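Chemist:
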Amino acid sequence: MDKDIIKEIFLLILEIFKALCEIAWSKTKNLVILIWDRFFGLSDVSREQAASHEWGVTGENKWPSAPETPAIKQEEPQQEIEKAEVMYPPAVHELPDSYGDNRIVLMVRDPEWLFTYWELRTDVVDCIKSALGTMAQDARIQLRVYDVTDIVFDGNNAHKYFDIEIPGGVRSWYIRTGEPGRSFCVDIGLLAPDGAFHVISRSNAVRTPCMCVSEVTDEKWLSIEALYEKVYMPVDGSISETVFKKTRAVWQETLKEGVSSAESSGGLTVSKK
Amino acid sequence: MGKGYLSLILHAHLPFVRHPEYREFLEEDWLFEAITETYIPLINVFDKLIEEGIDFRITMSLTPPLISMLTDGLLQSRYIRYVEKRIQLSEKETERTRHQPEFNRLARMYHKHFTDARHVFAEKYHRNIIHAFKKFQDAGKLEVITCGATHGYLPLMNNNVNAMRAQINVAVRQYEKHFHRKPRGIWLPECAYEPGVDQLLKDADIRFFITETHGILFASPRPRYGIYAPIYCPTGVAAFGRDMESSKQVWSAKEGYPGDVSYRDFYRDVGFDLDYDYIRPYLHGDGKRTNVGIKYYRISGKTDHKEPYSPEGAMDKAAEHAGNFMFNREKQVEHLASLMDRKPIVVAPYDAELFGHWWFEGPEWINFLFRKIAFDQKTISLITPMEYLEMYPVNQVSTPALSSWGYKGYHEYWLNDSNDWIYRHLHKAAERMVELASVYQYTTGNHLKIRALNQAARELLLAQSSDWAFIMKTGTMVEYAAKRTKEHIFRFTRLYDDIRANTIDAAWLSEVEGKDNIFPDIDYHIYQ
């Protein structure tokens, strides 16, 4: 009997201890997460402006012509948001914060910009960190953007690359490559203080579109250069500069002014002002 | 013998908005306004042309969500309720304005407009105006083309070819059900193309699609005739390029026809102008002022002084603009024909809802244009892209460039700070749907599971509508778009979890099936 009572008392003390631990954890959890994010940046906080990047060549240090533009585009000021006519109750079901994946996905936005988002598993990151040993605490999360045009990328044979340092908590990034008509791939990884880059996840490869009239002319049509130029000439225009430049200029002007649904309020969805 | 062709293409699309859980729902008005102001006026124009024996050709994309809504019993009866309230309001307006002749005749015009819409919708086409479009197609005047199943932006889901293929194949199956043949052409959602999309079209027996100008301009090898003849993708699917000049004349905010001072002003609506208690019965339940579709003023430029609308003046102007448009196309075609060894085709695509809804006189402009082309000139003829391909089956082979008809010509409008958060969820859901289709490919007999799998496919498709990302960027009705995205992803995720854990909640599934009832015949195996 005595044994049972002692056992009961022991279990009771254990329960009280567990409860106290839980309370203590709930109090300090946010702080721990905050510190964790600050150093390892694995949950979603706001995105910040990135510093300008420099190209490097895989296996070497730098690639000479460094684009000067910042890696994140300053978005246009937000349009004035008008209140919807009906107030909707806040969505009951918020979406999952993560899916337990360790992956990075790369998308093309336009000829000069890419978009990437990622989700990293802490166990994968921890594994890399434990291999880094004492260097782990100074390791930084980076994106490495490779030019993989026309090659089968094996991690070491890119034409060139550049790095983007990622602030803690960010989970997506707009990357300015400034290079239409090239293929890219992105690694997310830890840059150790000794300069070694440890890949956490590698993205899919994407290709940016060309933004120029093709120089490939079908052999059968080699003699059509002049004809082609004339066809592109505006009906009542007489121009001396090359038609391609002109056509492109007209096209870009047209885009600015807006001649499609996306910006001239053609669809009903946009008409609800 | 004409010298070239004009191909007018109208893209008719609305996102799937249907809320049986509410008695009435503000966003359902998008459909009702479009039926009253765009689809029925266009149907009337086509019916009259056929009746009078005037030949014409036009191409229209009727998107799968639009077809689903136009053939849905609940929305059909709600439309009747909508239009009857408008008839009632126009009667009250006729009475209220009896001492103001310049407004009274407009109130009568609207009364006629609404009663006519009701008649055409309910009596003439028995609530299903898809029958009208099928009739015009069968008569050889209209080519109806399809679109993505829910207007999903294909290049932004390109990490999952099964998801892209499902957008095409579900659309094709629905088209066959309503038009009793396969679609020969497609309007790619947002005109967004990237190399590789044509393979999916070819697999679905689709013969042609339309690209934005630079899709052809930057194609490789360099297209000999530019945008004035189609090219064949390496797969053999034809791509037609949008003509900038004709687009600009109609679309341009600065110089486009719809901004002319003779035309009706879209923004001055009695829903905002009249005494609140008077207009209250015609507003939605929440009582917020909204457009009710009766507008008395014409566009008066940059001044607060508005002149009453004059239908006669507006019709004269529409005729004049139709003549101007035709004249410019004649000149354009004459010039192009002198440079080409075949007849050029000028492809002029527009959002259908521009005509009638935004540009009140738009359907009449089309009416005048078709009549003038038939009687007043011999240089150009109307044609559909398919007829052109039949006439010129040999075309240059070239791969179009990635492009869309959105702002700046690429994906930015659908991929920016306001909406980029959706893609990690959309991609995950698509990946999971493919997984479900693979794991449960041999499921038979378990009707509950099959229903859940099919509903998961519907939820994924609905979440993929490019409209939600678009609305988030425009900045109006953002909450609704975000709510829809979250709701469909949530429903999908719950179905996924329930199917995997074998814990499907039959009652909840029925409820969701009742709400998101698009594509009743869908088969989840399309994701295999």
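Protein chains in written order, with the working numbering: chain A, 984 to 1256; chain B, 5 to 532. For each residue, glycine too, the CB sits at the ideal point set by N, CA and C. Since the structure is predicted, the reported quantities are computational estimates derived from the model, not experimental observations.
Work out the CA separation of B/Arg85 and A/Ile1147 for me, nearest whole Å.
Modeler: Indexing the first sequence from 1 puts residue 1147 of chain A at position 164. Indexing the second sequence from 1 puts residue 85 of chain B at position 81. In a straight line, the C-alpha of A/Ile1147 is about 58 Å away from that of B/Arg85.
Chemist: Applying the 10 Å Cβ sphere with the 16-neighbour rule, what's the burial state of A/Pro1073?
Modeler: Along the first sequence, one-based indexing puts residue 1073 of chain A at 90. The pLDDT assigned to A/Pro1073 is 44, lower than 50, so where the model puts this residue is not dependable; a value taken from the coordinates is nonetheless given after this. Classification of A/Pro1073: exposed, given that the 10 Å Cβ count is below 16.
Chemist: Would you report the Cα separation of A/Asp1106 and B/Arg428, rounded to the nearest angstrom?
Modeler: In the first sequence, residue 1106 of chain A corresponds to position 123, counting from 1. In the second sequence, residue 428 of chain B corresponds to position 424, counting from 1. Straight-line Cα distance between these residues: approximately 21 Å.
Chemist: If contact is defined by three or more beta carbon pairs under 8 Å, each pair taking one atom from either stretch, is the stretch 348-368 of chain B in contact with the stretch 15-22 of chain B?
Modeler: Yes: the two stretches touch, three or more of their Cβ pairs being nearer than 8 Å.
Chemist: Is the shortest distance between the beta-carbon of B/Phe329 and the beta-carbons of chain A less than 7 Å?
Modeler: Here the question's residue 329 of chain B lines up with position 325 in the second sequence. It does not: the Cβ of B/Phe329 has no partner Cβ on chain A nearer than 7 Å.
Chemist: Closer than 7 Å, Cβ to Cβ, to anything on chain A: give me those residues from the stretch 218-232 of chain B, in chain order.
Modeler: Within the stretch 218-232 of chain B, the qualifying residues are His218, Leu221, Phe222, Ala223, Ser224, Pro225, Arg226, Arg228, Tyr229, Gly230, Tyr232.
Chemist: Along chain B, in chain order, which residues have C-beta atoms closer than 7 Å to that of A/Phe1187?
Modeler: In the first sequence, residue 1187 of chain A corresponds to position 204, counting from 1. The residue you asked about is not Phe; residue 1187 of chain A is Asn in the sequence shown. What A/Asn1187 touches in chain B: Asn163.
Chemist: Quick check for students: name the residue ranges of the alpha helix (DSSP H) that lie wholly in the stretch 181-235 of chain B, counting only runs of 4 or more.
Modeler: Counting whole runs of 4 or more residues, the stretch 181-235 of chain B contains the alpha helix (DSSP H) stretches 201-207, 217-221.
Chemist: Taking one C-beta from the stretch 99-107 of chain B and one from the stretch 148-156 of chain B each time, how about it: are there three or more such pairs within less than 8 Å?
Modeler: Touching, no.
Chemist: In whole angstroms, what is the alpha-carbon distance linking B/Tyr229 and B/Gly144?
Modeler: Indexing the second sequence from 1 puts residue 229 of chain B at position 225. Indexing the second sequence from 1 puts residue 144 of chain B at position 140. So the two alpha carbons sit approximately 28 Å from each other.
Chemist: I'd like to know whether the C-beta atoms of A/Arg1092 and B/Leu78 end up nearer to each other than 7 Å.
Modeler: Here residue 1092 of chain A corresponds to residue number 109 of the first sequence, with the count starting at 1. Here residue 78 of chain B corresponds to residue number 74 of the second sequence, with the count starting at 1. Cβ atoms of A/Arg1092 and B/Leu78: not closer than 7 Å.
Chemist: Quick one: does A/Asp1109 have its CB under 7 Å from some CB of chain B?
Modeler: Taking the first sequence and counting its residues from 1, the one referred to as residue 1109 of chain A is at position 126. No, A/Asp1109 lies away from the interface with chain B (no Cβ there is under 7 Å from its Cβ).
Chemist: Just checking: is the beta-carbon of B/His415 within a distance shorter than 7 Å of some beta-carbon in chain A?
Modeler: To locate residue 415 of chain B, count along the second sequence from 1; it is residue 411. With 7 Å as the cut-off, B/His415 counts as an interface residue toward chain A.
Chemist: So, for B/Val176: in the same chain, excluding its five sequence neighbours on each side, which residues have a beta-carbon less than 7 Å away from its beta-carbon?
Modeler: Against the second sequence, residue 176 of chain B aligns to sequence position 172. Contacts found: Thr150, Lys186, Pro187, Ala208.
Chemist: Under three-state DSSP, which class holds A/Lys1143?
Modeler: Here residue 1143 of chain A is taken as the residue at index 160 of the first sequence, counted from 1. In the structure shown, A/Lys1143 sits in a strand (DSSP, three-state: E or B).
Chemist: Along the chain, where does the alpha helix (DSSP H) that runs through B/Asp120 open and close?
Modeler: Counting from 1 along the second sequence, the entry for residue 120 of chain B is found at position 116. Segment 105-122, the alpha helix (DSSP H) holding B/Asp120.
Chemist: Alpha helix (DSSP H) containing B/Gly317: first to last residue?
Modeler: The count along the second sequence starts at 1 and reaches residue 317 of chain B at position 313. Unbroken alpha helix (DSSP H) run through B/Gly317: 315-343.
Chemist: The beta strand (DSSP E) with B/Val351 in it runs from where to where?
Modeler: Translated into the one-based positions of the second sequence, residue 351 of chain B becomes position 347. Start and end: 349-355.
Chemist: Just to check, is the beta-carbon of B/Leu499 closer than 6 Å to a non-hydrogen atom of the ligand SAM?
Modeler: The model depicted lacks the ligand SAM and carries no ligand whatsoever.
Chemist: So is B/Gln3 buried or exposed if we call it buried at 16+ other beta carbons inside 10 Å?
Modeler: Here chain B comprises residues numbered 5 to 532, so residue 3 of chain B is not present and cannot be evaluated.
Chemist: Please name the residue in B/Trp34, B/Glu368, B/Asn166 whose C-alpha comes closest to that of B/His431.
Modeler: Start at 1 with the first residue of the second sequence, and residue 431 of chain B comes out as number 427. Of the candidates B/Trp34, B/Glu368, B/Asn166, the one whose C-alpha sits nearest the C-alpha of B/His431 is B/Asn166.
Chemist: Checking the sheet assignment: what are the DSSP bridge partners for A/Val1128?
Modeler: Looking up residue 1128 of chain A in the first sequence gives position 145. Note: A/Val1128 sits in a beta bridge opposite A/Phe1145, A/Val1169.
Chemist: Note the first and the last residue of the continuous alpha helix (DSSP H) segment covering B/Tyr392.
Modeler: Counted from its first residue, the second sequence places residue 392 of chain B at position 388. Where B/Tyr392 is concerned, the enclosing alpha helix (DSSP H) stretches over 389-395.
Chemist: For A/Ser1197, go through chain B and note every residue whose CB falls closer than 7 Å to its CB, in chain order.
Modeler: Locating residue 1197 of chain A in the first sequence gives position 214, where the first residue counts as 1. Near A/Ser1197 (Cβ distances below 7 Å), the residues of chain B are Phe222, Ala223, Ser224, Pro225, Arg226.
Chemist: Measuring only the C-alpha atoms, how far is B/Tyr26 from B/Gly291?
Modeler: Numbered from its first residue, the second sequence carries residue 26 of chain B at position 22. Numbered from its first residue, the second sequence carries residue 291 of chain B at position 287. The straight-line gap from Cα to Cα measures roughly 15 Å.
Chemist: Distance, Cα to Cα, B/Phe494 vs B/Ala510?
Modeler: As a working mapping, residue 494 of chain B is identified with position 490 in the second sequence. As a working mapping, residue 510 of chain B is identified with position 506 in the second sequence. Each residue's Cα considered, the two are about 17 Å apart.
Chemist: Skipping 5 residues on each side, what residues in its chain have a beta carbon closer than 6 Å to that of B/Ser65?
Modeler: For the purposes of this step, residue 65 of chain B is taken as the residue at position 61 of the second sequence. If we look at B/Ser65 and ignore the five residues flanking it on each side, its Cβ neighbours are His15, Ile149, Cys151, Trp191.
Chemist: At which residues does the beta strand (DSSP E) containing B/Glu439 begin and terminate?
Modeler: Mapped onto the second sequence, residue 439 of chain B falls at position 435. Here B/Glu439 belongs to no beta strand (DSSP E); instead the alpha helix (DSSP H) covers 426-443.
Chemist: Could you round the C-beta distance between A/Val1088 and A/Ser1186 to whole angstroms and report it? I think they count as a contact, below 8 Å.
Modeler: Walking along the first sequence from the start, residue 1088 of chain A turns up at place 105. Walking along the first sequence from the start, residue 1186 of chain A turns up at place 203. That pair is a contact at about 6 Å.
Chemist: Give the secondary structure of A/Glu1077 by DSSP, where H, G and I count as helix, E and B as strand, and everything else as coil.
Modeler: Counting from 1 along the first sequence, the entry for residue 1077 of chain A is found at position 94. Correct three-state label for A/Glu1077: coil.
Chemist: Cβ of B/Tyr83 within 7 Å of Cβ of B/Ile47?
Modeler: Taking the first residue of the second sequence as 1, we reach residue 83 of chain B at position 79. Taking the first residue of the second sequence as 1, we reach residue 47 of chain B at position 43. Cβ distance not < 7 Å, so B/Tyr83 and B/Ile47 don't count as in contact.
Chemist: Specify, as a first and last residue, the run of the alpha helix (DSSP H) that B/Glu483 falls within.
Modeler: One-based indexing of the second sequence puts residue 483 of chain B at position 479. Element bounds for B/Glu483: 482-505.
Chemist: Could you check what DSSP says for B/Pro367 in three-state terms: helix, strand or coil?
Modeler: Residue 367 of chain B sits at position 363 when you count from the first residue of the second sequence. If DSSP states are grouped into helix, strand and coil, B/Pro367 belongs with the helices.
Chemist: Report the neighbours of B/Asp424 on chain A: residues whose CB is nearer than 8 Å to its CB, in chain order.
Modeler: Counting from one through the second sequence, the residue named residue 424 of chain B turns up at place 420. Ordered by position in chain A, the residues that pass the 8 Å Cβ test against B/Asp424 are Phe1098, Tyr1100, Ser1155.
Chemist: Consider the Cβ of B/His492: report whether some Cβ of chain A lies at a distance smaller than 7 Å.
Modeler: Working through the second sequence from its first residue, we reach residue 492 of chain B at position 488. B/His492 does not count as touching chain A.
Chemist: Based on Cα-Cα distance, which residue from B/Tyr301, B/Ala323, B/Asp320 lies nearest to B/Tyr313?
Modeler: Residue 313 of chain B sits at position 309 when you count from the first residue of the second sequence. Among B/Tyr301, B/Ala323, B/Asp320, the Cα nearest to that of B/Tyr313 is on B/Tyr301.
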